[in-house]
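Right, here's the structure in full:
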């Protein structure tokens, strides 16, 4: 079930992204050498049901999954979901060359306790051979991925309660890699470039740095659009639902943009800059060539220009659907509005295509 690293396509299925505040569904098909959006939907998750991307209430998450299936009118029964990068341990280890997959699996199982800080019976493992070890013809580098079973099982259980069959549990960072290949050419970014994809969600911001298209660094922070919603609620004495609508649709009193929105945008830029500094200090990199803004906050009016000017890095809003055709049953306007927040779902759906 846990198959984070396998590059093999799994057949046509749906990607379901479970975050701390929403469940997002996306179904893609191959069409005329490209992709077509067949179904899409987003549903809210009750407060507390998912905390920092860990499921606390399986039943409430299952209800949200049922909701997106119903709203999207998808007829799929097999789906792909993902766990967050922070819940996965990645380690590159050297193994003897020439072993079969079965032999590698046996050898890794014997040695994994050296690298995994949990009892092995509590962990699901996956691995992928990366190539020959530098300077050693008799060894290969193997990328090992490990995730606690309880993290995987809670997602599997929620999907099964919703009447679905989870075929693969992926890792969000690898889903982001696939989605990145949809947006990179549109921005004219060189395939060899080092790029930061900053996904600012409701409660969590994830920085994914990709070098030559592969994930080089991931960092999650407790920061997101909810901070703006909370400030609107506090400043204007609005309930949560009305504050959320006002944030999206406007109609707030004079002074909102200067007194509330601008400080929030400044905080977003500060968080991005701080995350990049953490990356530079913990790696051999000292710059990135491009920033892609993803997540629900990405389309905030004026944020793109502010990030680009303050950080002096070319910046683009991520839209994985720019060159895709769209089924008539899909609300194209709603999809366009949600596009920056659909990167992980797009990466999961892409894995399901032949």
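Numbering (the working numbering), first residue to last: -12 to 341. Glycine included, each C-beta is placed from N, C-alpha and C at the ideal position.
Taking residue i as the reference, give the member of the options with the closest Cα.
i: residue 190; options: 105, 272, 83, 283; result: 283
i: residue 295; options: 266, 316, 315, 256; result: 256
i: residue 252; options: 293, 233, 265, 228; result: 293
i: residue 246; options: 215, 273, 264, 263; result: 215
i: residue 328; options: 186, 65, 340, 50; result: 186
i: residue 73; options: 217, 152, 50, 135; result: 135
i: residue 141; options: 107, 119, 47, 128; result: 47
i: residue 119; options: 113, 86, 145, 112; result: 86
i: residue 145; options: 42, 20, 250; result: 42
i: residue 79; options: 102, 108, 36, 97; result: 102
i: residue 113; options: 315, 206, 75, 326; result: 75
i: residue 52; options: 35, 2, 207; result: 2
i: residue 201; options: 188, 285, 161; result: 161
i: residue 289; options: 260, 322, 250, 155; result: 250
i: residue 56; options: 36, 29, 40; result: 29
i: residue 137; options: 322, 221, 97, 40; result: 40
i: residue 242; options: 150, 36, 291, 222; result: 222
Inspect the beta-carbon positions of residue i and residue j and report whether they are closer than 8 Å.
i: residue 278; j: residue 183; result: yes
i: residue 258; j: residue 192; result: yes
i: residue 338; j: residue 67; result: yes
i: residue 70; j: residue 148; result: no
i: residue 13; j: residue 332; result: yes
i: residue 340; j: residue 157; result: no
i: residue 266; j: residue 204; result: yes
i: residue 419; j: residue 27; result: Given a span of -12 to 341 for the chain in the structure shown, any question on residue 419 remains unanswerable.
i: residue 194; j: residue 274; result: no
i: residue 38; j: residue 7; result: yes
i: residue 31; j: residue 50; result: no
i: residue 313; j: residue 127; result: no
i: residue 239; j: residue 233; result: yes
i: residue 219; j: residue 305; result: no
i: residue 105; j: residue 311; result: no
i: residue 178; j: residue 199; result: yes
How should residue i be labelled, buried or exposed, when 16 other C-beta atoms within 10 angstroms of its C-beta is the threshold for buried?
i: residue 209; result: exposed
i: residue 287; result: buried
i: residue 330; result: buried
i: residue -2; result: Only weak support is given to the placement of residue -2: the predicted model assigns it a pLDDT of 42, under 50, and the value that follows is read from those uncertain coordinates. Under this definition residue -2 is an exposed residue.
i: residue 0; result: buried
i: residue 235; result: exposed
i: residue 153; result: buried
i: residue 34; result: exposed
i: residue 188; result: buried
i: residue 268; result: exposed
i: residue 326; result: buried
Need the endpoints of the beta strand (DSSP E) that residue i sits in, please.
i: residue 13; result: 9 to 18
i: residue 202; result: 201 to 208
i: residue 250; result: Per DSSP, residue 250 belongs to no beta strand (DSSP E); it is in the alpha helix (DSSP H), 249 to 268.
i: residue 65; result: 65 to 70
i: residue 195; result: 192 to 198
i: residue 32; result: Here residue 32 belongs to no beta strand (DSSP E), and DSSP marks it neither H nor E.
i: residue 309; result: Note, residue 309: premise wrong, no beta strand (DSSP E); not H, not E.
i: residue 4; result: 1 to 5
i: residue 287; result: No beta strand (DSSP E) contains residue 287, which DSSP labels as neither H nor E.
Roughly how many angstroms separate the alpha carbons of residue i and residue j, rounded to a whole number?
i: residue 303; j: residue 163; result: 16 Å
i: residue 324; j: residue 308; result: 11 Å
i: residue 211; j: residue 84; result: 45 Å
i: residue 270; j: residue 224; result: 45 Å
i: residue 54; j: residue 81; result: 45 Å
i: residue 248; j: residue 117; result: 45 Å
i: residue -4; j: residue 17; result: Residue placement at residue -4 is poorly supported in this model, since its pLDDT is 42, which falls under 50; the coordinates still yield a value, given next. Rounded to the nearest angstrom, the two C-alpha atoms are 13 Å apart.
i: residue 108; j: residue 131; result: 16 Å
i: residue 111; j: residue 133; result: 6 Å
i: residue 88; j: residue 125; result: 16 Å
i: residue 244; j: residue 231; result: 15 Å
i: residue 175; j: residue 11; result: 28 Å
i: residue 129; j: residue 64; result: 33 Å
i: residue 15; j: residue 272; result: 35 Å
i: residue 123; j: residue 90; result: 20 Å
i: residue 151; j: residue 297; result: 45 Å
i: residue 206; j: residue 99; result: 24 Å
i: residue 61; j: residue 19; result: 21 Å
In the DSSP assignment, the alpha helix (DSSP H) including residue i goes from what residue to what residue?
i: residue 148; result: 136 to 148
i: residue 293; result: 290 to 298
i: residue 324; result: 319 to 325
i: residue 164; result: 159 to 170
i: residue 78; result: Run containing residue 78: none in the alpha helix (DSSP H); it sits in the beta strand (DSSP E), 75 to 83.
i: residue 338; result: 330 to 338
i: residue 275; result: It is not in any alpha helix (DSSP H) - residue 275 carries neither H nor E in the DSSP assignment.
i: residue 223; result: 213 to 223
i: residue 107; result: First-last for residue 107: undefined, no H or E at that position.
i: residue 50; result: 45 to 59
i: residue 233; result: 227 to 236
i: residue 88; result: 88 to 98
Taking 8 Å as the CB-CB limit, is residue i close to chain B?
i: residue 40; result: No chain B is part of this structure, which consists of one protein chain only.
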